[in-house]
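Protein sequence lines, in the order shown, are assigned to chains A and B. The first sequence begins at 3 in this note's numbering and counts up one residue at a time. The second sequence begins at 3 in this note's numbering and counts up one residue at a time. A virtual CB, placed ideally from N, CA and C, is assigned to each residue, including glycine.
Number of protein chains: 2
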Amino acid sequence: MGPVYQPSDFPPFAVTVDLVVLTIRDDRLCALLVRRGSAPYKGKWALPGGFVHVDESLDAAAARELAEETGVSRVHLEQLGSYGDPRRDPRMRVVSVAYLALAPDLPTPVAGTDAADARWSPVDDPGRLAFDHAQILADGVERARAKLEYSPLGTAFCSEEFTVAELRRVYEIVWGTPLDARNFHRKVTGVTGLLEPTGGTTTRDGGRPAQLYRRGPAVALHPPLVRS
Amino acid sequence: MGPVYQPSDFPPFAVTVDLVVLTIRDDRLCALLVRRGSAPYKGKWALPGGFVHVDESLDAAAARELAEETGVSRVHLEQLGSYGDPRRDPRMRVVSVAYLALAPDLPTPVAGTDAADARWSPVDDPGRLAFDHAQILADGVERARAKLEYSPLGTAFCSEEFTVAELRRVYEIVWGTPLDARNFHRKVTGVTGLLEPTGGTTTRDGGRPAQLYRRGPAVALHPPLVRS
Numbered sequence: 003m004g005p006v007y008q009p010s011d012f013p014p015f016a017v018t019v020d021l022v023v024l025t026i027r028d029d030r031l032c033a034l035l036v037r038r039g040s041a042p043y044k045g046k047w048a049l050p051g052g053f054v055h056v057d058e059s060l061d062a063a064a065a066r067e068l069a070e071e072t073g074v075s076r077v078h079l080e081q082l083g084s085y086g087d088p089r090r091d092p093r094m095r096v097v098s099v100a101y102l103a104l105a106p107d108l109p110t111p112v113a114g115t116d117a118a119d120a121r122w123s124p125v126d127d128p129g130r131l132a133f134d135h136a137q138i139l140a141d142g143v144e145r146a147r148a149k150l151e152y153s154p155l156g157t158a159f160c161s162e163e164f165t166v167a168e169l170r171r172v173y174e175i176v177w178g179t180p181l182d183a184r185n186f187h188r189k190v191t192g193v194t195g196l197l198e199p200t201g202g203t204t205t206r207d208g209g210r211p212a213q214l215y216r217r218g219p220a221v222a223l224h225p226p227l228v229r230s
Numbered sequence: 003m004g005p006v007y008q009p010s011d012f013p014p015f016a017v018t019v020d021l022v023v024l025t026i027r028d029d030r031l032c033a034l035l036v037r038r039g040s041a042p043y044k045g046k047w048a049l050p051g052g053f054v055h056v057d058e059s060l061d062a063a064a065a066r067e068l069a070e071e072t073g074v075s076r077v078h079l080e081q082l083g084s085y086g087d088p089r090r091d092p093r094m095r096v097v098s099v100a101y102l103a104l105a106p107d108l109p110t111p112v113a114g115t116d117a118a119d120a121r122w123s124p125v126d127d128p129g130r131l132a133f134d135h136a137q138i139l140a141d142g143v144e145r146a147r148a149k150l151e152y153s154p155l156g157t158a159f160c161s162e163e164f165t166v167a168e169l170r171r172v173y174e175i176v177w178g179t180p181l182d183a184r185n186f187h188r189k190v191t192g193v194t195g196l197l198e199p200t201g202g203t204t205t206r207d208g209g210r211p212a213q214l215y216r217r218g219p220a221v222a223l224h225p226p227l228v229r230s
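Okay, structure coming up:
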C-alpha cells in the first residue's frame, strides 16, 4: 500500500453509469427511459442509471443497473463512452460512463427504486431528456447503427431463432432505410459464421416456409454490410 | 442550482486521463511511455496521463496532457474507454478515461513534470507497465488496427503529403502483416475521398517518380480495407 492521495491532489468526482438500452417494439427502434423521482430534473425523462458503488467495477455497475431496470441480464452490454463536461450536473462533478445494451423485445418496464415511471421511447422522438442524455442516446444509436455494419449484433434484437426476413427487418428499422430482400439474403448468407440453420422452418406469416437460423460464431462480418 | 449531494450519496472517485499515443518509428508501431517519478509504481513505466482538473472536460484534460507530454496538439485524439476496476490503484477508487492519439513520427519525448523519463516503446514489447496500463495499451492498439479497416486514420501516421507505398507501409506496420502492393494500390485509390493527388511526385527512393497524395474528405472507407 503506497501513500494515500491528499484531498488537495485531485477534485472528487461522482461516477455514474447510464444505460442506452435499445430494443425494437412495434417496428421502431426504442430506448428505455425513466422519469426521475428526485432532483435535479425531477419529473423529467432520462436514461436509466445510477452511482457506481465503492466496491464494484464499471461493468458490474452497468450490469446491476440493467438488471434492476429491466430484469434481464443476458443481453449484449458494452461500454459506449464517458461524459464529463464540468457543467453536466448542476451539483458537482459527475462523470457518467455510458453503456449500450441491445435486447430483443422486452416487457414494458416497471419503475425502479429511484424512478417514478418508465417507458420505451422511439429513439427519433425521445422528447427533452435530463442532463446530456440526449447526446448519450444519440451516440448510442449511432454506435448500434455502425455495429450492424461490421458485427453480428443485429441478431441481438432477434429471438433465439429467426428468419433472414426478420433479421433484414432489424437492419431496416435500426438503419431507418428499406433494403432489397434478395440482396440482403445473398449478403448475410454469404458471411462466414453469421447464421447457423437450425433445421427448422416457419410459416408464421402464412407464406412459404422460411428457414430458421440462430446466430453463428462469427465476431465480425467479412465482408461487412454497409449502409448506403 | 439543486440540492448538493451528501457525501453519503456516493463514494468519491479520482478521475484521470491516460493516453495511448501511437506513432511509427523505425518501421515499428510505438507507444509513448513515461517512467513514474512518484508512488505508486515509482520508477515503473506507464502511459502518460494525469488527474482531470476540476474545471475541465475529459477531452480538454486529454488534450492538455498530450500537449504537456509531446508538445503536439494537432493530432488525432479520440476517447478509447474507461477503466474502473476497484483495485486498479492501490490508494483509492480511480477511474481512468483513456484516449488514443495517432501521430506522425514525433521527436523523442522529454520527461514532463511528473515523469522521470520518457521513451517510445514498440507496442509488442512494452515491458511491465504500471496499473492496468498493459490492458489499456493493448486495447488502444486493437482500436487503431480496427480503425484502419474502415476509417482514413492510417493517414494520421503519414506526413501531410505521402505516397501510396508510404500509406501501405503504415498498414503493414500497424497490422503486422505484409500486403500485396498492387492490390493495396487498387483498393485505396478506389475508395472515394480517401486520397487527393497533390499534383507532385517524389523520387526519394531513387526509383520511378511516385504520385504524392494528401488525405481527402472521406470519414469512412467504402468499401473498407479488411485485415486477413
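Against B:Phe-12, what residues of chain A qualify as contacts under a CB-to-CB distance less than 7 Å, listed in chain order? Those are Ala-16 and Phe-53, listed as they occur along chain A.
With H, G and I counted as helix, E and B as strand and the rest as coil, what does DSSP make of B:Phe-53? In the structure shown, B:Phe-53 sits in a strand (DSSP, three-state: E or B).
Is it true that the CB of B:Ala-100 sits closer than 8 Å to the CB of B:Trp-47? The answer is no: Cβ separation not under 8 Å.
Can you round the beta-carbon distance between B:Ser-216 and B:Glu-168 to whole angstroms, since I take them to be within the 8 Å contact cut? It is worth fixing the name first, because residue 216 of chain B is Arg in this sequence and not Ser. Between B:Glu-168 and B:Arg-216 the Cβ distance is about 12 Å, and since that is not below 8 Å, they are no contact.
Segment limits, beta strand (DSSP E) that includes A:Gly-83: Annotation: the continuous beta strand (DSSP E) that includes A:Gly-83 extends over 78 to 85.
Using three-state DSSP, classify B:Ala-220 as helix, strand or coil. Correct three-state label for B:Ala-220: coil.
Can you check whether the C-beta of B:Asp-87 is within less than 8 Å of a C-beta belonging to chain A? By this cut-off, B:Asp-87 is an interface position.
Cα separation between B:Leu-24 and B:Pro-154? In a straight line, the C-alpha of B:Leu-24 is about 16 Å away from that of B:Pro-154.
Cα separation between A:Pro-14 and B:Ser-75? If you take the alpha carbons of A:Pro-14 and B:Ser-75, they lie about 27 Å apart.
Name, please, each residue of chain A whose Cβ falls closer than 8 Å to the Cβ of B:Gly-161. A quick correction: the sequence has Ser, not Gly, at residue 161 of chain B. Ordered by position in chain A, no residue passes the 8 Å Cβ test against B:Ser-161, which lies about 29 Å from the chain.
Does any CB atom of chain A fall closer than 8 Å to the CB of B:Glu-144? No, its Cβ sits nowhere closer than 8 Å to a Cβ of chain A.
Host beta strand (DSSP E) of A:Glu-198 (start-end): In the DSSP assignment, A:Glu-198 falls within the beta strand (DSSP E) that extends over 197 to 204.
Would you call the region 126 to 146 of chain B and the region 208 to 228 of chain B in contact, with 3 or more CB pairs under 8 Å? Counting Cβ pairs under 8 Å, fewer than three are found: no touch.
Can you pull the chain A residues whose beta carbon is under 8 Å from the beta carbon of B:Glu-58, in chain order? Simply Pro-88.
Could you list which residues in chain B have their beta carbon closer than 7 Å to that of A:Gly-2, in chain order? The question about residue 2 of chain A has no answer, for chain A in this structure spans 3 to 230.
Distance between A:Thr-18 and B:Pro-88 (C-alpha atoms, nearest Å): If you draw a straight line from the Cα of B:Pro-88 to the Cα of A:Thr-18, it comes to about 14 Å.
Decide if the region 169 to 182 of chain B is in contact with the region 221 to 230 of chain B; the criterion is three or more beta carbon pairs, one per stretch, under 8 Å apart. Yes, the region 169 to 182 of chain B touches the region 221 to 230 of chain B.
Under DSSP, the beta strand (DSSP E) around A:Asp-20 begins and ends at which residues? Secondary structure note for A:Asp-20: its beta strand (DSSP E) is the uninterrupted segment 16 to 27.
Below 8 Å on the Cβ atoms is my guess for A:Leu-21 versus A:Glu-58; work out the distance and round it to an integer in Å. Not a contact, Cβ separation roughly 15 Å.
What do you get for B:Arg-38, buried or exposed, if any count of 16 or more other CB atoms within 10 angstroms of its CB means buried? That one is buried.
Let me check one thing: in DSSP terms, what residues is A:Ala-212 bridge-paired to? In the DSSP output, where bridge partners are listed per residue, A:Ala-212 has A:Thr-204.
Going along the chain, which residues of its own chain have a beta-carbon closer than 7 Å to the beta-carbon of A:Ala-222, five neighbours each way excluded? Excluding sequence neighbours, A:Ala-222 sits near Tyr-152 and Ser-153.
Identify whether B:Gly-4 lies in helix, strand or coil by the three-state DSSP scheme. Only weak support is given to the placement of B:Gly-4: the predicted model assigns it a pLDDT of 43, under 50, and the value that follows is read from those uncertain coordinates. DSSP places B:Gly-4 in coil when its eight states are reduced to three.
So B:Val-130 is in the beta strand (DSSP E); what residue range does that whole segment cover? The residue you asked about is not Val; residue 130 of chain B is Arg in the sequence shown. No beta strand (DSSP E) contains B:Arg-130, which DSSP labels as neither H nor E.
According to DSSP, is A:Leu-227 part of a helix, a strand, or is it coil? Three-state DSSP puts A:Leu-227 in coil, outside helix and strand.
When DSSP labels each residue in this structure, what does B:Arg-66 get in the three-state scheme? In the structure shown, B:Arg-66 falls within a helical segment according to DSSP collapsed to helix, strand and coil.
Do B:Ala-63 and B:Leu-79 have their C-beta atoms within less than 8 Å of each other? Contact flag unset, no.
Which whole-angstrom value is the C-beta distance of A:Val-36 and A:Glu-71, which I expect to be below 8 Å? Their Cβ separation, rounded to whole angstroms, is 7 Å, which keeps A:Val-36 and A:Glu-71 in contact under 8 Å.
So is B:Ser-161 buried or exposed if we call it buried at 16+ other beta carbons inside 10 Å? Using a 10 angstroms sphere on the CB of B:Ser-161, the tally of other CB atoms stays under 16, which defines it as exposed.
For the region 90 to 102 of chain A, enumerate the residues whose C-beta is nearer than 7 Å to any C-beta of chain B, in chain order. Hits within the stretch, in order: Pro-92, Arg-93, Met-94, Arg-95, Val-97 and Val-99.
List the endpoints of the continuous beta strand (DSSP E) containing A:Tyr-173. Where A:Tyr-173 is concerned, there is no enclosing beta strand (DSSP E), although the alpha helix (DSSP H) it sits in stretches over 166 to 177.
With respect to the beta strand (DSSP E) encompassing A:Ala-183, which residues constitute its N-terminal and C-terminal limits? If you look at A:Ala-183, you'll find it isn't in any beta strand (DSSP E); it sits in the alpha helix (DSSP H) that goes 183 to 192.
Interface positions of the region 145 to 156 of chain A facing chain B (Cβ-Cβ less than 7 Å), listed along the chain: The residues in question are Tyr-152.
Tell me which same chain residues have a C-beta within less than 6 Å of the C-beta of B:Lys-44, skipping the five on either side of it? Closer than 6 Å at Cβ, skipping near neighbours: Arg-38.
Applying a beta-carbon distance threshold of less than 8 Å, which residues of chain B neighbour A:His-224? Taking a Cβ-Cβ cut-off of 8 Å, the neighbours of A:His-224 in chain B comprise Val-228, given in sequence order.
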